[in-house]
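Numbering (the numbering used here), first residue to last: 5 to 162.
Read through the structure below, which is laid out as structure tokens, and then see the notes.
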Amino acid sequence: MALALRDLDEVIDDYTGLSRVALDYTQLMKKLVDGGKQPGFSVDSWAPVAELVAVDSFERIGPFKEVMAWPEYAAFLTQWARTSDWECSFRRVTEAGPLVLLELEERSTVGGHSGAVNSATTYEFDAGGKITRLAVYLQMQLPDPEMLRSYEGIQITE
């Protein structure tokens with residue numbers, strides 16, 4: 005049985021604790037990606053997200069096993085927000101100790117290519133409730149090679 009998709013704004017107030025932080029992070033992402041096409045949008049625009057993150061120890065592992073610290077990730081997000089439209093629907097969130105697993109359906113348009121993926125992202129938190137690590141897992145159809153150009157120059161781990 006598939007989980008019903010729900011609008012994030014409809015469910016966010018149902019959650020507290022670290023699950024709520026992961027949902028707040030996602031809601032901020034949507035707001036900032038929407039604003040990414042505005043003049044003056046820059047790496048500094050991610051400051052509200054950085055408030056949720058342990059920026060000195062943060063690590064993001066992406067769907068191609070690429071690893072980014074906060075400065076690289078913020079630069080990556082800036083470029084992505086400038087060139088993409090993104091939205092998501094909520095499936096489920098699970099919290100266990102300092103770990104949150106957030107499942108979404110994500111829809112995006114990048115360079116004229118539109119697609120939808122099922123995502124499961126783990127959020128790891130420090131004792132102060134800051135995000136220290138994201139690991140992104142995706143279910144998707146094979147991407148258009150043009151879409152992969154944004155990953156040029158990013159180191160992939162084995």
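Just so you know, even glycine gets a beta-carbon here, dropped at the ideal spot from N, CA and C.
Q | 8 Å contact criterion, which L2 and R24 should meet: CB distance rounded | A | The question about residue 2 has no answer, for the chain in this structure spans 5 to 162.
**Q.** Residue from Y127, K134 and I135 with nearest C-alpha to Y141
**A.** Here the question's residue 141 lines up with position 137 in the sequence shown. Among Y127, K134 and I135, the Cα nearest to that of Y141 belongs to Y127.
Q: Tell me whether V15 sits in a helix, a strand or coil according to DSSP, three-state version.
A: Locating residue 15 in the sequence shown gives position 11, where the first residue counts as 1. Helix at V15.
Q.
According to DSSP, is Q143 part of a helix, a strand, or is it coil?
A. Working through the sequence shown from its first residue, we reach residue 143 at position 139. Here Q143 sits in strand by DSSP.
Q.
Could you check whether the stretch 114–126 touches the stretch 34–41, counting it as contact only if at least three pairs of C-beta atoms, one from each stretch, sit closer than 8 Å?
A. no
Q: Using DSSP bridges, identify the partner residues of F94.
A: Here the question's residue 94 lines up with position 90 in the sequence shown. Paired residues: R10 and L108.
Q) According to DSSP, which residues form a beta bridge with G119? A) Locating residue 119 in the sequence shown gives position 115, counting from the first residue. DSSP, once it has assigned bridges, lists S112 as partnering G119.
Q. Relative to the ligand GTP, is the shortest distance from any of its heavy atoms to the C-beta of T126 smaller than 6 Å?
A. This structure lacks the ligand GTP; in fact it carries no ligand of any kind.
Q: Go through the stretch 65–90 residue by residue and report every complete run of the alpha helix (DSSP H) that reaches 4 residues or more, in order.
A: 74–87
Q.
Check whether the stretch 43–58 and the stretch 78–88 are in contact - that is, three or more C-beta pairs closer than 8 Å.
A. yes
Q. Closest to L7 by CA distance: which of G119, L22, D13 and L106 is it?
A. Residue 7 sits at position 3 when you count from the first residue of the sequence shown. Nearest of G119, L22, D13 and L106 to L7, Cα basis: L106.
Q: Can you tell me which of F129, A58 and L36 puts its alpha carbon nearest to the alpha carbon of A100?
A: Mapped onto the sequence shown, residue 100 falls at position 96. Measuring from the Cα of A100, the nearest candidate turns out to be F129.
Q.
Between L108, V121 and P102, which has its C-alpha nearest L22's C-alpha?
A. In the sequence shown, the residue the question calls residue 22 occupies position 18. Taking only the C-alpha atoms, the option nearest L22 is P102.
Q.
Out of S118, T136 and K134, which one is the CA nearest neighbour of Q146?
A. Here residue 146 refers to the residue found at position 142 of the sequence shown. The sequence as given places Leu at residue 146; Gln does not occur at that position. Considering only alpha carbons, the answer is S118.
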